[in-house]
Amino acid sequence: MSRADELRQKIRALTADYYGEAFAAKPFVPGETPVQVAGRVFDAEEMESLVDSALDFWLTTGRFAEQFEREFAKFMSVRTATLVNSGSSANLVAVSALTSERLGDRRLKACDEVITVAAGFPTTVNPIIQAGLVPVFVDIQLGTYNIDPSQLEAARSDKTRAVMIAHTLGNPFDLDAVTAFVKKYDLWLIEDCCDAVGSTYRRQRVGSFGDLATTSFYPAHHITMGEGGAVLAEKPLLKTLIESFRDWGRDCWCAPGDANTCGKRFDWQLGELPHGYDHKYTYSHIGYNLKATDLQAAVGVAQLKKLPGFIEARKKNFAALHSGLADMQEVFALPEATAHSDPAWFGFPILLREDAPFERKELINYLDEKKIGTRLLFGGNLTRQPAYKDVPYRKVGSLANSDIVMNRLFWIGVFPGLTPAMLEYMIETLHAAPAAIAAKKTSATLPVR
Numbered sequence: 000m001s002r003a004d005e006l007r008q009k010i011r012a013l014t015a016d017y018y019g020e021a022f023a024a025k026p027f028v029p030g031e032t033p034v035q036v037a038g039r040v041f042d043a044e045e046m047e048s049l050v051d052s053a054l055d056f057w058l059t060t061g062r063f064a065e066q067f068e069r070e071f072a073k074f075m076s077v078r079t080a081t082l083v084n085s086g087s088s089a090n091l092v093a094v095s096a097l098t099s100e101r102l103g104d105r106r107l108k109a110c111d112e113v114i115t116v117a118a119g120f121p122t123t124v125n126p127i128i129q130a131g132l133v134p135v136f137v138d139i140q141l142g143t144y145n146i147d148p149s150q151l152e153a154a155r156s157d158k159t160r161a162v163m164i165a166h167t168l169g170n171p172f173d174l175d176a177v178t179a180f181v182k183k184y185d186l187w188l189i190e191d192c193c194d195a196v197g198s199t200y201r202r203q204r205v206g207s208f209g210d211l212a213t214t215s216f217y218p219a220h221h222i223t224m225g226e227g228g229a230v231l232a233e234k235p236l237l238k239t240l241i242e243s244f245r246d247w248g249r250d251c252w253c254a255p256g257d258a259n260t261c262g263k264r265f266d267w268q269l270g271e272l273p274h275g276y277d278h279k280y281t282y283s284h285i286g287y288n289l290k291a292t293d294l295q296a297a298v299g300v301a302q303l304k305k306l307p308g309f310i311e312a313r314k315k316n317f318a319a320l321h322s323g324l325a326d327m328q329e330v331f332a333l334p335e336a337t338a339h340s341d342p343a344w345f346g347f348p349i350l351l352r353e354d355a356p357f358e359r360k361e362l363i364n365y366l367d368e369k370k371i372g373t374r375l376l377f378g379g380n381l382t383r384q385p386a387y388k389d390v391p392y393r394k395v396g397s398l399a400n401s402d403i404v405m406n407r408l409f410w411i412g413v414f415p416g417l418t419p420a421m422l423e424y425m426i427e428t429l430h431a432a433p434a435a436i437a438a439k440k441t442s443a444t445l446p447v448r
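Under numbering that gives the first Met the number 0, the residue at position 348 of the sequence shown is numbered 347, and the numbers go up by one with no gaps.
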């Protein structure tokens, strides 16, 4: 063993020791310890892998990225996974790939329409707009909070070319209905799986139904590498286009640090370039630089080993909350899994009944005082957001359910970092909410003496 290898082993061992000291578990104190909606869950293995990559000092995409892409694709039951620097970038690359002239008549062109939902995260929709396409918003169903497939036919026009929708909070959308629709009209399907890694529909992984799928590795998600995302594809041509748009739009497909993979680097002639122009610097698309670093991928490789356990923990935590809140359904409408699905839940959505004795803002303020984190369903009804005021779009109907979610829904966490004591505290606090909020209202209206 070389001296460098000996030092590497010592550094890894010291890293494990450091983890044990710096990140030792702390006792949960109800009302004092924050109960987060999401967060990173890791141990010494992730830190050792990160340090291992740092010692390589290969700062761009490298061996850990290649390993992650290979293993993640296998987990997701798809042929290829391409690592990018965020889930939002994954969506941007996915839409961009479908605009390539290499797709012939099926390519997405300016003013083509893409069907999506109004209630969700903005970067499911933003790439549609950024590509010069027109989003067509349909409503969601209450309970599952996924697309209402009965509106698909009404959303379609002669300009419709694709469907791009997310599996809301890990709950798969109705893939029977959506895949039948896209097949009927020969449309592209992009599955946004950023909140749904590990979810299944009819025992098949989400992300393996569409032409393309996207995932996110932000700390809140099922696994993390800090920032990061991936684009999934089955067809080799789509994989090539994904890599081109990710890597500056280049025509070359060499991995970082490699050259002349094609065997004729200086024997190409494309566009109006002179024959023999360096293929490594030939660009066939208007692309970006959206690669992740190998440091990030090293964390992801370690996280992947834990993913099955993380998924089971999320399901278990969701079940505990659903059971614990079952007697509060006069106040709260609890979430429903889509038929034929087994969600790897991202969060636990709660919808206040229309006749609930308090408003959502009163409840989430109360929970915040009790150190219980909450989130809304991201952008709510996106057509109400200021960013979309002057954006051309179509919508089907009034989007009434998207408005209901915008006004009355919030969600709490189910991530693997929650302990049984935390879950019990969440359940107890929600049970106490009606009386506590009523008492606070009464106190606020009493005259000052």
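The beta carbon of each residue, even a glycine, is placed where N, CA and C say it ideally should be.
Under the assumption that residue i contacts residue j (Cβ atoms under 8 Å), give the Cβ distance between them as a whole number of angstroms.
i, j, result
"leucine 237", "alanine 96", "6 Å"
"valine 34", "methionine 327", "So it is not a contact: roughly 18 Å between Cβ atoms."
"leucine 141", "isoleucine 403", "7 Å"
"alanine 451", "aspartate 138", "The requested residue 451 does not occur in the structure, where the chain is confined to residues 0 to 448."
"lysine 158", "aspartate 111", "6 Å"
"arginine 39", "threonine 178", "About 34 Å; that fails the 8 Å criterion."
"arginine 407", "arginine 359", "6 Å"
"phenylalanine 309", "proline 415", "5 Å"
"arginine 78", "glutamate 233", "5 Å"
"glutamate 70", "leucine 303", "6 Å"
"isoleucine 114", "alanine 154", "5 Å"
Can you find the residues in the same chain that come closer than 7 Å, C-beta to C-beta, to residue i, ignoring five residues on each side of it along the sequence?
i, result
"cysteine 251", "His278, Lys279 and Thr281"
"alanine 435", "Tyr365"
"glutamate 47", "Arg11, Thr14 and Ala15"
"phenylalanine 317", "Trp344, Phe347 and Val413"
"serine 88", "Gly228 and Leu289"
"alanine 64", "Leu82, Ala291, Asp293 and Ala296"
"leucine 49", "Leu294, Ala297 and Val298"
"lysine 370", "Gly30, Glu31, Thr32, Pro33 and Val34"
Buried or exposed for residue i, please, with buried defined as at least 16 other CB atoms from any protein chain shown within 10 angstroms of its CB.
i, result
"histidine 220", "buried"
"glycine 412", "buried"
"phenylalanine 172", "buried"
"alanine 301", "buried"
"proline 126", "buried"
"phenylalanine 150", "According to the sequence shown, residue 150 is glutamine rather than phenylalanine. Buried."
"alanine 23", "exposed"
"leucine 6", "exposed"
"asparagine 259", "exposed"
"proline 342", "buried"
"threonine 382", "buried"
"proline 134", "buried"
"phenylalanine 41", "buried"
"aspartate 246", "buried"
"tyrosine 387", "buried"
"glycine 378", "buried"
Smallest Cα separation from residue i: which of the options?
i, options, result
"histidine 284", "Ser1, Thr98 and Ser48", "Thr98"
"glutamate 242", "Ala179, Ala338 and Asn84", "Asn84"
"histidine 430", "Leu376, Asn406 and Leu362", "Leu362"
"tyrosine 144", "Pro415, Phe347 and Ala229", "Phe347"
"arginine 201", "Ala153, Ala432 and Thr337", "Thr337"
"histidine 321", "Glu311, Val330, Ile310 and Glu335", "Glu335"
"valine 92", "Asp147, Pro415 and Gly286", "Gly286"
"threonine 418", "Met0, Ala53, Ala37 and Tyr387", "Ala37"
"glycine 86", "Trp410, Tyr387, Ala195 and Pro134", "Ala195"
"methionine 163", "Asp389, Val124, Ser401 and Leu174", "Val124"
"serine 198", "Ser156, Val135, Ala332 and Leu174", "Leu174"
"leucine 186", "Asp354, Arg105 and Lys394", "Arg105"
"serine 101", "Val330, Ser442, Cys261 and Gly248", "One point to set straight first is that residue 101 is arginine, not serine, in the sequence displayed. The residue with the shortest Cα to Cα distance from arginine 101 is Gly248."
"glutamate 68", "Pro391, Leu376, Phe216 and Ile349", "Phe216"
"glutamate 423", "Leu324, Gln384 and Ser397", "Leu324"
Using DSSP bridges, identify the partner residues of residue i.
i, result
"tryptophan 410", "Pro348 and Arg374"
"glutamine 203", "Tyr200"
"proline 134", "Val113"
"valine 34", "Ile371"
"asparagine 364", "Paired residues: none, contrary to the question."
"tryptophan 187", "Ala161"
"arginine 393", "Val135"
"valine 83", "Gly228"
"leucine 211", "Ile189 and Ala232"
"arginine 249", "Tyr282"
"aspartate 341", "Thr199"
"alanine 332", "Leu350"
"asparagine 380", "Ala118"
Considering only residues of the same chain and omitting the five flanking positions on each side of residue i, which have a CB-CB separation below 6 Å?
i, result
"glycine 206", "Met75, Glu190, Cys192, Ala212 and Leu231"
"alanine 43", "Ala15 and Tyr18"
"tryptophan 57", "Asp293"
"alanine 420", "Phe27"
"threonine 122", "Ser87 and Asn90"
Could you tell me whether the Cβ of residue i comes closer than 7 Å to any Cβ of chain B?
i, result
"glutamate 70", "Judged by its chain identifiers, the structure shown contains no chain B, having just a single protein chain."
Identify, in the order they occur along the chain, each residue of the same chain with its Cβ nearer than 8 Å to the Cβ of residue i, setting aside the five sequence neighbours on each side.
i, result
"alanine 399", "Asp138"
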